Every structure is written in C-alpha cells, then in structure tokens.
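Protein chains: 2
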Amino acid sequence: MISPLYWDDGALYMLDQRLLPADEVWLKMESAEDVARAIRDMVIRGAPAIGLAAAYGMALALPERVVEPDGEDEVRGGLDAREQENMNHLFEAARRLEGARPTAANLSWAVRRQLEFASDIAAEGGDLHKALLERAQQMHREDVEANRAIGGLGAGLLRDGDRVLTHCNAGALATGGHGTALGVFRSAFESGLNIAVYATETRPYLQGARLTAWELVRDGIPVRLIVDSAAAFLMARGEIDAVITGADRIAANGDVANKIGTYPLALAAREHGIPFYVAAPMSTLDLELPEGRGIEIEVRSGEEITHFRGSRMVPEMAEAVNHAFDITPHEIVSAIITEKGIARPPFAESLTHLFEGGAEDA
Amino acid sequence: MISPLYWDDGALYMLDQRLLPADEVWLKMESAEDVARAIRDMVIRGAPAIGLAAAYGMALALPERVVEPDGEDEVRGGLDAREQENMNHLFEAARRLEGARPTAANLSWAVRRQLEFASDIAAEGGDLHKALLERAQQMHREDVEANRAIGGLGAGLLRDGDRVLTHCNAGALATGGHGTALGVFRSAFESGLNIAVYATETRPYLQGARLTAWELVRDGIPVRLIVDSAAAFLMARGEIDAVITGADRIAANGDVANKIGTYPLALAAREHGIPFYVAAPMSTLDLELPEGRGIEIEVRSGEEITHFRGSRMVPEMAEAVNHAFDITPHEIVSAIITEKGIARPPFAESLTHLFEGGAEDA
C-alpha cells in the first residue's frame, strides 16, 4: 500500500510529492521545524496527510528520553521544570505546524489532539516523546482504517460501468494510505466494479496529472486526464456519472473547502443532474464553524501560476492571484462520505449525528 | 496596433504565437500549404485571425500573374484552360485550409467567400491572385473596423471600476487587430473607464497567461492571472462584475462554441447574477446551424496536456483527452456583441435581424 510517510529509527520519512511522477525521493525529517517546512513547501500535501505529518512532528519536537537509573519516573502531581520545558517546546512546535498551512482542518485537529494528550501524559510523568510517537502511529493506522471504511461505503454509491470524475489528489498520497475519493475508487475496483476515472489535471500544482494519475496507473484503474475547465463539457455530453472529491475542511452546515476548482465542478454537476460526493474522514469536520465563509482560504505565491519548473511563462508585468481552495456550498453537495457513515442533507443534522456517534446509511 | 499577420512583397508574415511572450518571431508564408500548416499547428489562432490567414492563403494558392504582351485580358464568357486550372488550385487550397481546424466559423466563411469571389473574377478573366489578395486585405481592414465597432458597443455595457473576466485570448492576436473581448476592454480603457481584467491562464495552451497578459500589459491595462478553475470562487466573493469572451462559432439560436472552459464560466456567472457577454464579428455566426450541438468540436492531441515544452509531466500510462472547445447554451448568454449591434435574447430573432441588416442596441 502506498503511504506518503513512515517512521523509522527515530526519524520521519516523507515521499517528496513535488518530484512525482518523475522521481521517487524520500526525505528524512528530524525536527518539528523540518516537518513544518515540508508541509509549507508541499513536500507532503492533502488534508489528512498533513495532519498525520504534524502528529509525527509533535513527537519530533521532543528528544527521546534517556532512561534515568535513579528511577524517578513515578507518577507525581504537577509538572517539574523539565516537563514544563517540554510542554513549552510542544506549544512552540504546535504553533509552527498549525501555521504551515491554514485551510486543512486535519492539521489543527491532529496538533491539538497531540497537545491535549501530552498534557495528560506530562501530568502523569510519562515519556512524552514515546507517547506522542505511539499516538501518531495510532492516528496513522486509524486514518487508513477510516479510508477503508469510506471506500466501502462510497463504493456502494457507484454502479458497474460508472465514469467518475475527481479533482486534485484525494488519494493514498493525501492520507495515511488508501485515500478518500481515490479510496472509494480503489474499493469499488477491488470489489469488481468496472469504473473509469476522469482526473482533472488540477492547476496550478498538477496534483491530478502528477499524483492521481500515478496512483491509479499503479493500481491498474483506467484513468484519463482532462484540463480542469473541460469537466462541464464532458458532463453536458453525458460522459460523467458521478463526481467525488476530498475535502480540506467541512463546516457544520456541510459547506466544503477543497482544492480550488471544486466549486465549479459541483455547479456543473448540479446543472446536469450528476451526484456530487465529498469523501473525507471525520477529522476534516469543523463543527465550531457554522458555515464555509468562516474558513480561512490560503493564498499561495503567484509564482505557482506564472512559472513552470523555474521558468517564467507570462510577461514580466503580469501578476497572478493564487487562492489554493474554494468553498462549495452545502446546497449543491449530494452527500458526504465519512468513516462513520454517509451524511445526506440537511448536513447540519446529519453531520452532528455522525459526530455524536450515530451511523447513517452505514 | 498589434496585428498577428501582414502581407509584404508577395508573402504573408505571421507572428509565431507559440513562442510568445518569450520571443517575437515572424514566419514567412509563401503557399496555401504553409498557411494551412501554420493554422493547424497554432502559429496563428483565434477564429477571426485564422479566417484572415486563410483569406490570404487563398491568394497564395495562385502565382502572381505575368502580364502578357498580347493583351488577352479582355472579358470573355466561360473559363479557359488556365483559369480552370487556377480554380482547381483554389478548390484544393480551400479544402486544405478549411480542414486545418474544424470549429471556427470564420475559417470556412473566409475560404468560401474567396472561392465565390474567385469564380466571379475568373468568369471575367481578371487577375485572380491580385483580386484575392486585395480581397484578403479588405477583409483584414473590415475585421479591424468590426472590432472597433464591437469595442465601442461593448464598452457601453461596462461601468467605471468594473472588474471584468475573460478567458483565452480574444485579443488583437486572435483577430486582424484590436480584438473582440479585449477590444471591448481596450475601447473602454481608451474612453477613460478604469477597468481591471482578470485573465484565466487557459489550459492547456495558456493563451490567457501568454497572449492576453502580453497584450494587456503592453497597453497598460491592469491584468491579473488566475487558474481557469478559480473564476467561480472569485465570482462567489463578489470580485467579478462581468465576463466577456470571444467565440469560435455561434449557432442560429445563440449557442456559442468557444475555448474549452467557457461554459463553466457562464454557469458560474449565472449563479452569481453576473452578465456573461460574447463579443464576436458577424463572420462568426453560422445561421445554417440551428443549435450548438451541430458544431464540430475539435479534439487535439493529448500531448498538449501531458507535456510541457517537450517534457512529459504525467505517468507514461496515463492518457489525456483534449477537447479544444465547449458549447455554452444560449440560455446563459446575456448578450452577443457584434459590429452590427448587440443581440439579446431571444437570439434566434435578434441574430437573424442583425444578419439581415437591422441594428439592435446600436
């Protein structure tokens, strides 16, 4: 199974997704700063994947604990000076990691979960590095399990022969493994459904052309690339049966922040009576945000648009504006596929229900 | 004034638009085959511009006439053997030129106009090469005049401070000069309106990033580039006041074939109550086609998507589908700006009225 990151012998290794599909290079990360920089520079991307990277990054913020011979590891009340120092390191790492990219919910979700967990462990006098590492590994396993659950539920929405469209890369590379939207395609394909995938190339970063195509080709799932703006025409010609994308943050009302260009796909899908599905783990939900307009949309460098492999393609005086995400309003989302079940409109109710432990459609 | 082609001393010169904005190289064309190849390979593109190129190409199909001393140039009935041979050359050139690219109406319009004209001249025993060349030059002048008329009418639809969005390049480079959509922006700017242009980069060929940005920067008109799929998000944020594109072919009911990605822009514009205008000369009208579904949509090589400057960006096994145009249904077109006036819905009536010589809104 493809996973974009793994832990080995005291360090985190990440596949440099900027170089795919031409080269497969693994980078070694030895500090929280390394991880924050890798997230910011898009060595790793995809909301669940950067959440996991940050969870490992929190473990890297602390040194491995040297076992001390006088056995002072017993449980005590309050934090001693060393533990307070450790917590300060963790707060600083959390700030850096959360600040690396603003839009993905999973990033702050993972970081805050690790912080809370660390407070508990520190109060008990446990080994913080070890505990945070084990917790990151557990979150990694759980993410893959969630994606397999999402895949199974989502596959139930597809029929044999379906031509499905996806945007960007919501695949194994964007998660701990298996993927969300691509996880649905994988599960459907594994269960014997003949599906064909249209992948948008996804400008400016070409995650569709470079990453989604790479993953699907490896798995033998038929894939055809199109430019982002061609999707509506294919829908009008009756060549698309369903659209499935991932998500970077989902508000309580079901509004979805995802890769720039998701919104016009959903508009076109509604126009042509094609279901528009979002596949995402519960960690993508942000129930504190009532609606999508509260989601911070990252603005990245215009050079991602004006330059290609370091060479400028557009006139010197022309600038580019580069919003990395857009908001798809809940009214045009057909369903949100999570590991706990499939939420359907009205999402304000169905998402809260899933969050509180109920299952829908499952 | 920028013009993408000019005639000089027995040859046609074309600006190689594939190399802009990095290099300004003019290519010399000495035969109809040269011109057909240049159109097919996109040395020149844009529906009105390839129409003009083909008009000149028809003149290049025939040699310059050597004046004969015995003065046999008098008018006669019927065609002699040499004239019949000339007409055969012209039919062959017409076939090549029309076949170079299928979607633009202006290409077949120009070629057929030259063929009819040649029949008349041949019947009179006139100098075919000279007559066709003069006719091409006249069509070139008329195209610029039409664009200035379109620009003036279109500018009347804009207000001071408007932020306008355009797609692809409907500029001077796509016409004989001044441009259609960009002609509207130029005329508005010249008349003192402060406008700001958002230009989509326009994948896969980047006509927006390379050509539209180049033209607007030269004229000092503010321009910001976005990826094609970002337009809907900007509209949702209230940052676009109007959309104006060109057209490659307009059916009798007002359905518009234009660069792939035009249709989703029109869908998003309707969603947000933003007018969607098409600016095109009457030569783009195809009243023989009742509706857009009859328009042949060119499918170009997938390599335009999978490769960039000769290097492959996507995995070997992944294919790309590359429709060059889409159809925007007339229901979501706010108005069509022609040199004869502004046509408004119902287009079946307003376009026919303009074609028959009436003026609307002018």
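In order, the protein sequences belong to chains W and F.
Going by the working numbering, the final residue of the first sequence carries number 363, and the count climbs one at a time with no gaps.
Going by the working numbering, the final residue of the second sequence carries number 363, and the count climbs one at a time with no gaps.
Glycine is no exception: its CB is placed at the ideal position from the N, C-alpha and C atoms.
The structure displayed is predicted, hence computed values, not measured ones.
Report yes if the CB atom of residue i is closer than 8 Å to the CB atom of residue j, and no otherwise.
i, j, result
"Y199 of chain W", "R164 of chain W", "yes"
"A368 of chain F", "A280 of chain F", "Residue 368 of chain F is absent from the model: chain F starts at 2 and stops at 363."
"A137 of chain W", "A48 of chain W", "no"
"F348 of chain F", "I337 of chain F", "yes"
"V44 of chain F", "D9 of chain F", "no"
"A33 of chain F", "A54 of chain F", "no"
"V228 of chain F", "P103 of chain W", "no"
"L288 of chain W", "F356 of chain W", "yes"
"L108 of chain W", "E99 of chain W", "yes"
"A232 of chain W", "T201 of chain W", "yes"
"N259 of chain W", "L212 of chain W", "no"
"S230 of chain W", "S230 of chain F", "yes"
When the Cα atoms are used, what is the spatial distance from residue i to residue j?
i, j, result
"A94 of chain F", "D220 of chain F", "37 Å"
"A56 of chain W", "R38 of chain W", "14 Å"
"F186 of chain W", "F234 of chain F", "27 Å"
"I261 of chain W", "G193 of chain W", "32 Å"
"Q139 of chain F", "R114 of chain F", "12 Å"
"A156 of chain F", "A243 of chain F", "12 Å"
"L134 of chain W", "A60 of chain W", "5 Å"
"C278 of chain W", "L217 of chain W", "A small correction: the amino acid at residue 278 of chain W is Tyr; Cys does not occupy that position in the sequence shown. So the two alpha carbons sit approximately 19 Å from each other."
"I196 of chain F", "E297 of chain F", "35 Å"
"G274 of chain W", "G255 of chain F", "23 Å"
"V76 of chain W", "A119 of chain W", "Because the pLDDT at V76 of chain W is just 49, under 50, the model does not fix this residue reliably, and the value given afterwards should be weighed accordingly. Whole-angstrom Cα-Cα distance: 15 Å."
"L166 of chain W", "R225 of chain W", "10 Å"
"L174 of chain W", "Y7 of chain W", "12 Å"
"G52 of chain F", "G180 of chain F", "14 Å"
"N87 of chain W", "D121 of chain W", "13 Å"
"A12 of chain W", "V322 of chain F", "42 Å"
"A124 of chain W", "A82 of chain W", "12 Å"
"W110 of chain F", "R271 of chain W", "37 Å"
"E146 of chain F", "R313 of chain F", "43 Å"
"A214 of chain F", "A252 of chain W", "37 Å"
"V257 of chain W", "E31 of chain W", "34 Å"
"E143 of chain F", "A23 of chain F", "30 Å"
"T353 of chain F", "N89 of chain F", "34 Å"
"P223 of chain F", "E191 of chain F", "13 Å"
"E320 of chain W", "T307 of chain W", "8 Å"
"E350 of chain W", "M318 of chain F", "43 Å"
"A363 of chain F", "A50 of chain F", "At A363 of chain F the pLDDT is 45, less than 50, meaning the model places this residue with poor confidence; the figure from the coordinates comes in the next sentence. One C-alpha to the other measures close to 25 Å."
"P282 of chain F", "R46 of chain F", "16 Å"
"R160 of chain F", "L91 of chain F", "47 Å"
"A344 of chain F", "R294 of chain F", "21 Å"
"P5 of chain F", "G126 of chain F", "33 Å"
"L158 of chain F", "I3 of chain W", "54 Å"
"G172 of chain W", "V112 of chain F", "50 Å"
Could you say which of the options lies nearest to residue i if we only look at CA atoms?
i, options, result
"G359 of chain F", "F:G342, F:F348, F:M318 and F:G155", "F:G342"
"D42 of chain W", "W:P22, W:A12, W:A101 and W:A232", "W:A101"
"F326 of chain F", "F:P291, F:T263, F:P282 and F:E357", "F:T263"
"Q208 of chain F", "W:V315, W:F356, W:G52 and W:A214", "W:V315"
"H168 of chain F", "F:W110, F:A210, F:R46 and F:E86", "F:A210"
"S284 of chain F", "F:G295, F:E340, F:M236 and F:E350", "F:E340"
"G58 of chain W", "W:Y14, W:A214, W:D144 and W:G295", "W:Y14"
"M236 of chain W", "W:P276, W:T203 and W:A252", "W:P276"
"G178 of chain W", "W:D161, W:H141, W:R46 and W:H130", "W:H141"
"K131 of chain F", "F:S335, F:P64, F:I40 and F:A344", "F:P64"
"V36 of chain W", "W:R96, W:G172 and W:L286", "W:R96"
"E299 of chain F", "F:H324, F:G126, F:G293 and F:F309", "F:H324"
"L80 of chain W", "W:I241, W:L129 and W:E240", "W:L129"
"R19 of chain F", "F:R310, F:P346, F:I241 and F:R345", "F:R310"
"E240 of chain W", "W:Q85, W:G162 and W:I40", "W:G162"
> In the stretch 29-66 of chain F, which residue ranges form an unbroken beta strand (DSSP E) of at least 3 residues, counting only runs that do not cross its ends?
Replying inline: none
> Any chance the stretch 300-316 of chain F sits against the stretch 246-257 of chain F, with 3 or more Cβ pairs inside 8 Å?
Replying inline: Contact check between the stretch 300-316 of chain F and the stretch 246-257 of chain F: fewer than three CB pairs, one atom from each, fall below 8 Å, which does not count as touching.
> Does the stretch 23-36 of chain W come close enough to the stretch 139-151 of chain W that 3 or more CB-CB pairs lie under 8 Å?
Replying inline: no
> On the three-pair Cβ rule with 8 Å, is the stretch 264-279 of chain F touching the stretch 315-333 of chain F?
Replying inline: yes
> Which runs of the alpha helix (DSSP H) spanning at least 4 residues fall entirely within the stretch 111-182 of chain F, listed in chain order?
Replying inline: For secondary structure counted as the alpha helix (DSSP H) over 4 or more consecutive residues, the stretch 111-182 of chain F holds these complete runs in sequence order: 129-156.
>> Suppose only complete runs of 4+ residues qualify. What are the alpha helix (DSSP H) ranges in the stretch 221-274 of chain W, listed by chain order?
In response: 232-237 and 263-272
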